[in-house]
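>
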Amino acid sequence: MINLTIDNRKIEAESGRFILDVARENGIVIPTLCSHESIEPTGSCRLCVVEAKQGKRTRIVTSCLYPVAEGMVVDTKSERVKAVRSLVLQLLLARCPESGQLKEMAEEMGVGPEPRFTPDQDNVKCILCRMCVRTCEKVVGVSAIGFSYRGTEKNVCTPFKEESATCIGCGACAYICPTGHIEMTTTETGDTRTIWERTFKMKACKVCGRYFAPEDQLAYISAKTGVPAEELAVCVSCR
Amino acid sequence: MMSKMKSFHELKSVQERLKAGRDPKKPSVTICVGTGCLAYGTQKLVDSFREELAKRDLTGKIDFRTSGCHGFCERGPMVVIGPENTFYQRVGLGDAAEIIDKTLLKGEVIDRLLYIDPATGEKIVREDDVPFYKKQTRLVFGLNFKVDPESLEDYLAIDGYSALAKAMTMQPEAIIQEVIKANLRGRGGGGFPAGWKWDETRKADGEPKYVICNADEGDPGAYMDRSLLEGNPHLVLEGMIIGAYAIGSHEGYIYVRNEYPLAVKNIHTAIRQAREAGLLGENILGSGFSFDVKINRGGGAFVCGESSALFASLEGRAGEPRAKYIHATHRGLYDKPTNLNNVETWANVPFIINRGADWYCGIGTAGSKGTKIFSLVGKINNTGLVEVPMGTSLRKIVFEIGGGIPEGRKFKAIQTGGPSGGCIPDKLLDLPVDFDELTKIGSMMGSGGMIVMDERNCMVDVARYFTNFLVSESCGKCVPCREGIRRMRDILVDICEGKGREGDVDLLEKMAKGIVDGALCALGNSAPNPVMSTIRHFRDEYEAHVREKRCPSGVCKALITYSVDAEKCTGCTLCAKVCPTKAATGERKKAHVIDPEKCTKCGACRESCKFDAIIVR
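Chains as they are written, first to last, in my numbering: chain A, 1 to 239; chain B, 1 to 617.
1) For residue 240(A), would you say it is in contact with chain B, using Cβ-to-Cβ distances shorter than 7 angstroms as the test?
2) With 16 other CB atoms within 10 Å as the buried threshold, where does residue 17(A) fall?
3) According to DSSP, what are the bridge partners of residue 415(B)?
4) Taking the C-alpha atoms as reference points, what is the distance between residue 190(B) and residue 229(A)?
5) So that I know if they touch, is there some Cβ in chain A lying closer than 7 angstroms to that of residue 191(B)?
6) Under 7 angstroms, Cβ to Cβ, is there at least one residue of chain B near residue 34(A)?
7) By the 7 angstroms beta-carbon criterion, what residues does the stretch 511-523 of chain B contribute toward chain A?
8) Measuring alpha carbon to alpha carbon, tell me which of 388(B), 187(B), 70(B) ends up nearest residue 230(B).
9) Taking the straight line between their C-alpha atoms, what separation do you get for residue 323(B) and residue 79(A)?
10) Relative to the C-alpha of residue 170(B), which candidate in 49(B), 243(B), 124(B) has its C-alpha closest?
11) Using beta-carbon positions only, say whether residue 524(B) and residue 481(B) come within less than 7 angstroms of one another.
12) Threshold first: 4 residues or longer. Then list the alpha helix (DSSP H) segments lying entirely within the stretch 502-561 of chain B, N to C.
13) Can you pull the chain A residues whose beta carbon is under 7 angstroms from the beta carbon of residue 477(B), in chain order?
14) Within the 7 angstroms Cβ cut-off, does residue 154(A) reach chain B?
15) Hey, is residue 261(A)'s beta-carbon within less than 7 angstroms of any beta-carbon in chain B?
16) List, in order along the chain, the chain B residues whose C-beta lies closer than 8 angstroms to that of residue 49(A)?
17) What residues match up with residue 294(B) in a beta bridge as DSSP calls it?
18) Could you please give the first and the last residue of the uninterrupted alpha helix (DSSP H) stretch that includes residue 465(B)?
19) Under 8 angstroms: do the stretch 244-259 of chain B and the stretch 199-216 of chain B share three or more Cβ pairs, one atom per stretch?
20) For residue 86(B), collect the residues of the same chain with a Cβ closer than 8 angstroms to its Cβ; drop the 5 residues on either side in sequence, then sort them by chain order.
21) Measure the C-alpha to C-alpha separation of residue 125(A) and residue 118(A) and round it to an integer number of angstroms.
22) Since residue 491(B) sits in a beta bridge, which residues does DSSP pair it with?
23) Decide if residue 105(B) is buried, meaning its Cβ has at least 16 other Cβ atoms within 10 Å, or exposed.
24) Do residue 114(A) and residue 75(A) have their beta-carbon atoms positioned less than 7 angstroms apart in this structure?
25) Alpha helix (DSSP H) containing residue 3(B): first to last residue?
26) Is residue 480(B) close to chain A, meaning its C-beta is less than 7 angstroms from at least one C-beta of that chain?
27) Any residues in the stretch 236-247 of chain B with a beta carbon nearer than 9 angstroms to a beta carbon of chain A? Which ones, in chain order?
28) Among 388(B), 286(B), 278(B), 56(B), which residue has its Cα nearest to the Cα of residue 137(B)?
29) Is there a C-beta anywhere in chain B that falls below 7 angstroms from the one on residue 62(A)?
30) Using a Cβ-Cβ distance cut-off of 7 angstroms, determine whether residue 474(B) contacts chain A.
31) Is the CB-CB distance between residue 363(B) and residue 356(B) below 7 angstroms?
32) Could you tell me whether the Cβ of residue 325(B) comes closer than 7 angstroms to any Cβ of chain A?
33) Counting only runs of 4+ residues fully inside the stretch 183-226 of chain A, write out the alpha helix (DSSP H) ranges in chain order.
34) At which residues does the beta strand (DSSP E) containing residue 373(B) begin and terminate?
35) What does a CB cutoff of less than 6 angstroms around residue 63(B) pick up in its chain, not counting 5 residues either side in sequence?
36) Among residues of its own chain, excluding the 5 on either side of residue 52(B), which ones have a beta-carbon nearer than 6 angstroms to its beta-carbon?
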């Protein structure tokens, strides 16, 4: 265990853990957009920056990726930190002016849009937090989506923007998307679901008859876990 | 093909044999075939030399050599005739026969091919008397003159691989201590002490350990690393093998830009030759130590010069950096201990081993030792590659070596450190160039690019240009870099187009601070440098654009008009001839006029006018 200070509070933490996790466990709020408990941190949104002092050196670090250390003094709300966060939010607001989640977060932090930034008109809600891509790769394990292009052109898509053969239609990417950018639609009866421009046939529960999961996803789970497909043909509520 | 050498002794005897076979008094012809000279069409000259020599039955009787870049790219094609080292420049592609007959056979000097020192008007015969070369300290780059990059024999004949043999008789720790003592700092931009990195990598847990040469040189206008790899690949390779031995690595990579075809070819050849000769691969020189190198060609992203993005690219993933809170020396390529140094850094290693850290420390400043190669481009008379001791003043580089600004125009600024470096104004020209001094004034050493700008460069436009470059090269992973730099670029475009608003400069400064603090990697952290340094030193130009809607340098098209100074115009008609839209008109010997409706502000009239009669306001 090591001792550090976060926002003037003395805190004991396990060595090697990240500042963000330690802070949150101690009730200290650090805003984030690309962090999720079930996926590894990536450090792309930059909202979680904090000022960390170690020895004589003070620097801005990414709290989701920076490990705590003995004697470290962390300031999560310094002027430099606030300046980075407000710039990041203003930039994202200009990129995704329609995102309700961003507006809400900006309001909470007292950040208004920068009038000098002309809002983008393309109606894109994606902030490139990468959570969908990481979930698909690390949690689901299929890597059906990734990035194409770089810089401002960068976007999340299936390879060559074609229907993905590896996608199982699980919708984990849509569930985790913080801004509602990824569209997933289901027919009225629920017999098919469309995501990433591919339509998946849904399985109806053997017991209640409700459509509950894409057939491809059940086949994937069965193959991966060895559970017979028969056993997976019943929805969670009826099991 | 050279047979495999199995001991240090054998290497020594091969070197001696090759040296003995070379008579320094023998007539020789050396032609620079660096990329710059090849672009002049030098290959034709080389072919014609070979043909003419054969015709006269001289093949083999003279030393004929094509070498890598000599550095004076402005004056190519270049031919040096030995043993006197007669220097011919701007050689015509059909001049081979004359040079052979007059200079090589009769010792006559061909006047018209000599370099004339513009300062004195004096014709200079010997290559080393040319001021451009004379005022340099050509240590690392100097060997380019002496070797054919495709010949291992040439390299061995100048005692090449002696440093490797010497290093392998030393304890690895002792080699590292020597490099630490020499304070060799990373030439790729960071300036981090190489010896410390070696030491960290050696001590780090984990196998295998990797040694990488970063040859992903991407700064616009910079080509030092290219010319070293093209011109003397064995020097770089020797440095890497020494490093690998010291670190305890058996696997290395050279990550080289695919846009450098000659460099890729020459390093490929060098690796093959070194393997055949027992200098690379299993059981090097019979020492029991094994190390091999693979080449990885870069996919064309500037950001892949950043170490963690380079690793990602090498691993076959998209070139995106990651936060480097754990150093590459512990977790680099494939999460294994990795030592990455740039081409020029590796090329310095054999010198340090051969001549010792004390000798090396005799060159340079307190904090930066040795020499540095700069690529001097832009508004400069002597475009080319320049090697000087660390601490040489910018003034010496620009005016004494570079020969000053063409057409007698006024120097305005020099951009150092590549696109994310800074612009340095004339009042700081006496600054000694080393890692720390450049950082202090808001620029950086970077990999050694130097772009000279004169009074006809608009500094807001320059900032816009570099920022735009960085917008297109941002990997897009983190928000401040991806979104912030493009917003800065948009504001700069507005300012250049006369749509700048009061408060824009302050906003740019505020954004710059946020991006420096907030971006994930060094590309993002340093991306605001061109804007910050031009605001710092040329704020008046920004204010003229924003407040007076005026571009003082006459560059930003939306803010300027072209007209003719009737007093100065002699009616020579040249402007009317070059004007692509027929906006410039007039009768012979009478003052011309420019029709603003037709004028596209291309500047052709201004460039052509010999009487400085075109007014741009």
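Don't be surprised by glycine CBs; every beta carbon is placed ideally from N, CA and C.
None of the values given here were measured: they were computed from a predicted structure.
In this structure, then:
1) Nothing about residue 240(A) can be read from this structure; chain A reaches only from 1 to 239.
2) The residue you call residue 17(A) lines up with position 17 of the first sequence. Under this definition residue 17(A) is an exposed residue.
3) Stepping through the second sequence from its first residue, residue 415(B) is reached at position 415. 423(B), 451(B).
4) Indexing the second sequence from 1 puts residue 190(B) at position 190. Indexing the first sequence from 1 puts residue 229(A) at position 229. Using only the alpha carbons, I get a separation of about 56 angstroms.
5) Against the second sequence, residue 191(B) aligns to sequence position 191. No, its Cβ sits nowhere closer than 7 angstroms to a Cβ of chain A.
6) Here residue 34(A) is taken as the residue at index 34 of the first sequence, counted from 1. No - not a single Cβ of chain B is within 7 angstroms of the one on residue 34(A).
7) 511, 513, 514, 517, 518, 520
8) The sequence position of residue 230(B) within the second sequence is 230, counting from 1. Among 388(B), 187(B), 70(B), the Cα nearest to that of residue 230(B) belongs to 70(B).
9) Position 323 of the second sequence holds residue 323(B). Position 79 of the first sequence holds residue 79(A). C-alpha of residue 323(B) to C-alpha of residue 79(A): approximately 22 angstroms in a straight line.
10) Start at 1 with the first residue of the second sequence, and residue 170(B) comes out as number 170. For residue 170(B), the nearest C-alpha among the options comes from 243(B).
11) By 1-based counting over the second sequence, the position of residue 524(B) is 524. By 1-based counting over the second sequence, the position of residue 481(B) is 481. In this structure, residue 481(B) lies closer than 7 angstroms to residue 524(B) by Cβ.
12) 504-518, 522-526, 529-548
13) As a position in the second sequence, residue 477(B) is number 477, starting the count at 1. Those within 7 angstroms of residue 477(B) in chain A are 44.
14) Numbered from its first residue, the first sequence carries residue 154(A) at position 154. Output row for residue 154(A): interface = yes.
15) This structure does not reach residue 261(A), given that chain A is present from 1 up to 239, and the question cannot be answered.
16) As a first step, residue 49(A) is located in the first sequence; it is residue number 49 there, counting from the start. Neighbours of residue 49(A) on chain B, chain order: 517, 518.
17) In the second sequence, counting from the first residue as 1, residue 294(B) sits at position 294. Looking at the DSSP assignment, residue 294(B) forms a beta bridge with 253(B).
18) Counting from 1 along the second sequence, the entry for residue 465(B) is found at position 465. It spans 459-473 - the alpha helix (DSSP H) in which residue 465(B) sits, taken as one unbroken run.
19) yes
20) The residue given as residue 86(B) occupies position 86 in the second sequence. Once the five neighbours on either side are set aside, the close Cβ partners of residue 86(B) are 80, 103, 109, 125, 126, 127.
21) As a working note, residue 125(A) is residue 125 in the first sequence. As a working note, residue 118(A) is residue 118 in the first sequence. Roughly 16 angstroms separates the two Cα atoms.
22) In the second sequence, the residue the question calls residue 491(B) occupies position 491. For residue 491(B), DSSP assigns no beta-bridge partner whatsoever.
23) If you number the second sequence from 1, residue 105(B) lands on position 105. Exposed is the call here.
24) Here residue 75(A) is taken as the residue at index 75 of the first sequence, counted from 1. Here residue 114(A) is taken as the residue at index 114 of the first sequence, counted from 1. No, the Cβ-Cβ distance between residue 75(A) and residue 114(A) is not below 7 angstroms.
25) Locating residue 3(B) in the second sequence gives position 3, where the first residue counts as 1. No alpha helix (DSSP H) contains residue 3(B), which DSSP labels as neither H nor E.
26) Taking the first residue of the second sequence as position 1, residue 480(B) is located at position 480. Judged by the 7 angstroms Cβ criterion, residue 480(B) is in contact with chain A.
27) Flagged: no residues at all.
28) In the second sequence, residue 137(B) corresponds to position 137, counting from 1. Residue 388(B) is the option with its Cα nearest to residue 137(B).
29) Looking up residue 62(A) in the first sequence gives position 62. Interface residue, yes.
30) Indexing the second sequence from 1 puts residue 474(B) at position 474. Interface residue, yes.
31) For the purposes of this step, residue 363(B) is taken as the residue at position 363 of the second sequence. For the purposes of this step, residue 356(B) is taken as the residue at position 356 of the second sequence. In this structure, residue 363(B) keeps its C-beta atom at 7 angstroms or more from the C-beta atom of residue 356(B).
32) Position 325 of the second sequence, counted from the first residue, corresponds to residue 325(B). Yes, because at least one Cβ of chain A sits closer than 7 angstroms to the Cβ of residue 325(B).
33) The stretch 183-226 of chain A contains these whole alpha helix (DSSP H) runs: 215-225.
34) Here residue 373(B) is taken as the residue at index 373 of the second sequence, counted from 1. Looking at the DSSP string, the run of the beta strand (DSSP E) that includes residue 373(B) is 371-378.
35) Against the second sequence, residue 63(B) aligns to sequence position 63. Excluding positions up to five away in sequence, the list reads 26, 28.
36) The sequence position of residue 52(B) within the second sequence is 52, counting from 1. If we look at residue 52(B) and ignore the five residues flanking it on each side, its Cβ neighbours are 96, 97, 100.
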